[in-house]
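J.: Residue numbers (the numbering used here): -1 to 150.
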Ligand code: FES
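(1) Could you give the DSSP three-state label for residue 0: helix, strand or coil?
(2) Using the C-alpha atoms, what's the distance from residue 71 back to residue 90?
(3) What's the gap between the Cα of residue 79 and the Cα of residue 5?
(4) At 3 residues or longer, and completely inside the stretch 56 to 125: list those beta strand (DSSP E) runs for me, N to C.
(5) Whole angstroms is fine: what's the gap from residue 73's alpha carbon to residue 104's?
(6) Verify the contact flag: residue 50, CB atom, against every heavy atom of ligand 1, threshold strictly below 8 Å.
(7) How long is the line joining the alpha carbons of residue 30 and residue 102, rounded to whole angstroms?
(8) Taking the CB atoms as reference points, tell me whether residue 69 and residue 96 lie closer together than 9 Å.
(9) Taking contact to mean 3 or more Cβ pairs, one atom from each stretch, closer than 8 Å, check whether the stretch 41 to 55 and the stretch 81 to 88 are in contact.
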C-alpha cells in the first residue's frame, strides 16, 4: 500500500503477487485483499473474475487466450481453435493433462487487423495458422519451468 498510495490502488498488484506465490488467487488471498482494502470478498471476487489474467483456480504455466470475436472468426479462428483444442486435448477453459497449458477463448484482443490472434502469457501472436501454432507450441514446450505469468 505504501508503494501504490492507498489500499484500492494496491488491490490488483496485491492479487498479482498472491497469484505469483500460489499459482492462482486463492480464497485466502481474496479474504486478505478484502480485509486490507475494506471491501467485501464478493467485490474482490468480481474484480478477479473481470481480469482475464487473474485466476481463481490452478492454471498451467502457459496461458493461451484465443480471440473468438468477429474479425478473428472471419479470419479462420474457428479452425485454429479446433486445432488447438485437439493438440492440447482440452476444451475451452481447461488445462492440459500434464498441467502445462491452460486454454481459454476470449473476446477481442484488439488486434483485429492481424486475425486470427492469440495471446500466450503476456505476448501476442498474429495471423496464427494451425501450422504456426504447432511451431509456437514446440517453442513453448522447450521453455524452462517458470511462473504462469511473467513477473513485471
Ligand atoms: S476480433 Fe480478434 S483481435 Fe479483435
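Glycine residues also receive a C-beta, built at the ideal position from the N, C-alpha and C atoms.
Just so you know, these numbers come straight off a predicted model, no measurement behind them.
T.: For this structure:
(1) coil
(2) 16 Å
(3) 39 Å
(4) 60 to 65, 99 to 104, 116 to 118, 121 to 123
(5) 15 Å
(6) no
(7) 27 Å
(8) no
(9) no
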